[in-house]
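Asker: One structure, pasted below without further comment.
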Amino acid sequence: MKAIVLEQPGTLRLQDLAPPANPGPNEALVQVRRVGICGTDLHAYGGNQNFFSYPRIMGHELAVEILELGATDDELDYSAGDTCCVIPYLNCGHCIACRRGRTNCCTRMQVLGVHIDGGMREQFTLPADKLLKAEGVPVEQLALVEMLCIGAHAAKRARIAPGENALIIGAGPIGLATAQFAKVAGASVTVMEVNPARLEFCADVLGIDKLVDARGDAMEQLQTLLGGELPPLVFDCTGNARSMHSAFDYVAHGGSLVLVGHITGDLTFSDPHFHSHELTLLASRNATPEDFTWVIDSLRSGEIDLAPWITHYATPESIVPDFPTWLNPETGVIKAMLSFD
Numbered sequence: 155m156k157a158i159v160l161e162q163p164g165t166l167r168l169q170d171l172a173p174p175a176n177p178g179p180n181e182a183l184v185q186v187r188r189v190g191i192c193g194t195d196l197h198a199y200g201g202n203q204n205f206f207s208y209p210r211i212m213g214h215e216l217a218v219e220i221l222e223l224g225a226t227d228d229e230l231d232y233s234a235g236d237t238c239c240v241i242p243y244l245n246c247g248h249c250i251a252c253r254r255g256r257t258n259c260c261t262r263m264q265v266l267g268v269h270i271d272g273g274m275r276e277q278f279t280l281p282a283d284k285l286l287k288a289e290g291v292p293v294e295q296l297a298l299v300e301m302l303c304i305g306a307h308a309a310k311r312a313r314i315a316p317g318e319n320a321l322i323i324g325a326g327p328i329g330l331a332t333a334q335f336a337k338v339a340g341a342s343v344t345v346m347e348v349n350p351a352r353l354e355f356c357a358d359v360l361g362i363d364k365l366v367d368a369r370g371d372a373m374e375q376l377q378t379l380l381g382g383e384l385p386p387l388v389f390d391c392t393g394n395a396r397s398m399h400s401a402f403d404y405v406a407h408g409g410s411l412v413l414v415g416h417i418t419g420d421l422t423f424s425d426p427h428f429h430s431h432e433l434t435l436l437a438s439r440n441a442t443p444e445d446f447t448w449v450i451d452s453l454r455s456g457e458i459d460l461a462p463w464i465t466h467y468a469t470p471e472s473i474v475p476d477f478p479t480w481l482n483p484e485t486g487v488i489k490a491m492l493s494f495d
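The opening residue of the sequence shown carries number 155 in this note's numbering; numbering runs sequentially from there.
Below you can see the structure in the form of structure tokens.
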């Protein structure tokens, strides 16, 4: 069985592993069809990803085909042969977060491809209740559902009011997903980014016309776009410490800052500024099953078209040499995808 293993930072290898065992009770054996390459994977390759250990089979943005289901007392709406997306967050179901419906931040969280081995392999077993059938959604788009869910969850955390100004800092895939679902939720979206190609993508694909080039005077550009004011909602999606520190300055009095990206170190901020503005600071981690439903419904309805997002493809053989190139902005990657077909 082909598998791509990240042995240590900067060392990715194609290996031949033994096939998985038959599924046990409440498990599913799946054939991996597509794997979306996430910023988490790129950061892990670079050695700066939180919650990560080596060696690891990466891959948590997944489209899979069910090969076999183990015995279960639950009534399932899918069966062998169906193609599904995967909720890659393996939560305990019993801790205080799970009991309150916050399964995305379970105290014993195990994320496929991060804490435990993920889907960059031909086959594997996983809990059957982590599969979601989404008829009518193409297999490539199924593999990107989880990415969109990160943005959808961040938008939900912010409790966006229709017409409210929202600034998205960082137009990587997670920033784009956050911008997309902030827009779906009714926000008037502005995107701030250092890469002009990403700003062009926001305009041409997402239809966002309020753009801030962070290579210039970002504050002046932002206030000009918003009539001299600052936005009440700011989402930092960069995973960059300097950007996250600066993000506090862009939030209006009485506004909220949502930290979607995260870093391996500490963050500090000015308490006088924080208190004088009576800011609300929120973290956004992973996503909930409700977020997955929202995203799948949006894809089925045609409200979101992911086709332009997928800019690069790889096979198990080509991903090892290709992967390092995707860390270079000049490669022009929006989303890369691994195919096992």
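We put the CB at the ideal spot given by N, CA and C, even for glycine.
DSSP state of valine 348, grouped into three classes?
Answerer: As a first step, residue 348 must be located in the sequence shown, where it is residue number 194. Three-state DSSP puts valine 348 in coil, outside helix and strand.
Asker: Taking the alpha helix (DSSP H) that arginine 396 falls in, what are its first and last residues?
Answerer: On the sequence shown, position 242 is the one that residue 396 refers to. Arginine 396 -> alpha helix (DSSP H) spans 395-401.
Asker: Note down the Cα distance separating glycine 329 from glutamate 354, rounded to an integer number of angstroms.
Answerer: By 1-based counting over the sequence shown, the position of residue 329 is 175. By 1-based counting over the sequence shown, the position of residue 354 is 200. One C-alpha to the other measures close to 14 Å.
Asker: To the nearest angstrom, how far is it from the Cα of proline 470 to the Cα of leucine 433?
Answerer: In the sequence shown, counting from the first residue as 1, residue 470 sits at position 316. In the sequence shown, counting from the first residue as 1, residue 433 sits at position 279. CA-CA distance, proline 470 to leucine 433, rounds to 46 Å.
Asker: Return the CA-CA distance between aspartate 227 and glycine 255, expressed in angstroms with no decimal places.
Answerer: Walking along the sequence shown from the start, residue 227 turns up at place 73. Walking along the sequence shown from the start, residue 255 turns up at place 101. A direct Cα-Cα distance of roughly 22 Å separates aspartate 227 from glycine 255.
Asker: What separation, rounded to the nearest whole angstrom, lies between the Cα atoms of proline 177 and leucine 183?
Answerer: Translated into the one-based positions of the sequence shown, residue 177 becomes position 23. Translated into the one-based positions of the sequence shown, residue 183 becomes position 29. Looking at the two C-alpha atoms, the distance is approximately 6 Å.
Asker: Nearest to glycine 235 by CA position, among Ile250, Val218, Glu276, is which residue?
Answerer: Residue mapping note: residue 235 aligns to position 81 of the sequence shown, counting from 1. Selected option, being the one with the closest Cα: Val218.
Asker: Do three or more CB pairs link the segment 302-320 to the segment 426-444 at distances below 8 Å?
Answerer: yes
Asker: In whole angstroms, give me the CA-to-CA distance for tyrosine 199 and threonine 479.
Answerer: To locate residue 199, count along the sequence shown from 1; it is residue 45. To locate residue 479, count along the sequence shown from 1; it is residue 325. Answer to the nearest angstrom: the Cα atoms are 12 Å apart.
Asker: Under three-state DSSP, which class holds leucine 380?
Answerer: Counted from its first residue, the sequence shown places residue 380 at position 226. In the structure shown, leucine 380 sits in coil (DSSP, three-state: anything other than H, G, I, E or B).
Asker: Which complete beta strand (DSSP E) runs does the segment 292-332 hold, if anything under 3 residues is left out?
Answerer: 319-323
Asker: Can you find the residues in the same chain that come closer than 6 Å, C-beta to C-beta, to leucine 166, ignoring five residues on each side of it along the sequence?
Answerer: Within the sequence shown, numbered from 1, the residue matching residue 166 stands at position 12. Around leucine 166: Leu160, Val474, Phe477.
Asker: Can you name, in chain order, every residue of its own chain whose Cβ lies under 6 Å from the Cβ of alanine 306, other than the five neighbours on each side?
Answerer: What you label residue 306 is simply residue 152 of the sequence shown in a count that begins at 1. Once the five neighbours on either side are set aside, the close Cβ partners of alanine 306 are Phe335, Asp445, Trp448, Val449.
Asker: First and last residue of the beta strand (DSSP E) that includes glycine 453?
Answerer: Translated into positions along the sequence shown, residue 453 becomes position 299. The sequence given here places leucine at residue 453; glycine does not occur at that position. Under the DSSP assignment, leucine 453 falls outside any beta strand (DSSP E), being part of the alpha helix (DSSP H) whose first and last residues are 443-454.
Asker: If you reduce the DSSP assignment to three classes, tell me which class glutamate 374 lands in.
Answerer: Along the sequence shown, read from residue 1 onward, the residue named residue 374 stands at position 220. Reduced to three states, the DSSP call for glutamate 374 is helix.
Asker: Answer yes if the segment 191-208 comes into contact with the segment 234-253, meaning at least three C-beta pairs across the two stretches below 8 Å, and no otherwise.
Answerer: no
Asker: Tell me, please, which residues DSSP counts as bridged to glycine 190.
Answerer: Taking the first residue of the sequence shown as 1, we reach residue 190 at position 36. Answer is Glu215, Met491.
Asker: Would DSSP call leucine 421 helix, strand or coil?
Answerer: Taking the sequence shown and counting its residues from 1, the one referred to as residue 421 is at position 267. Correct three-state label for leucine 421: coil.
Asker: Output yes or no for whether 8 Å exceeds the beta carbon distance between cysteine 239 and valine 299.
Answerer: Reading the sequence shown from its first residue, position 85 is the one you call residue 239. Reading the sequence shown from its first residue, position 145 is the one you call residue 299. Contact: yes.
Asker: Excluding five sequence neighbours on each side, which residues of the same chain lie with their C-beta closer than 7 Å to the C-beta of tyrosine 232?
Answerer: Walking along the sequence shown from the start, residue 232 turns up at place 78. Excluding sequence neighbours, tyrosine 232 sits near Ile220, Cys238, Leu285, Lys287.
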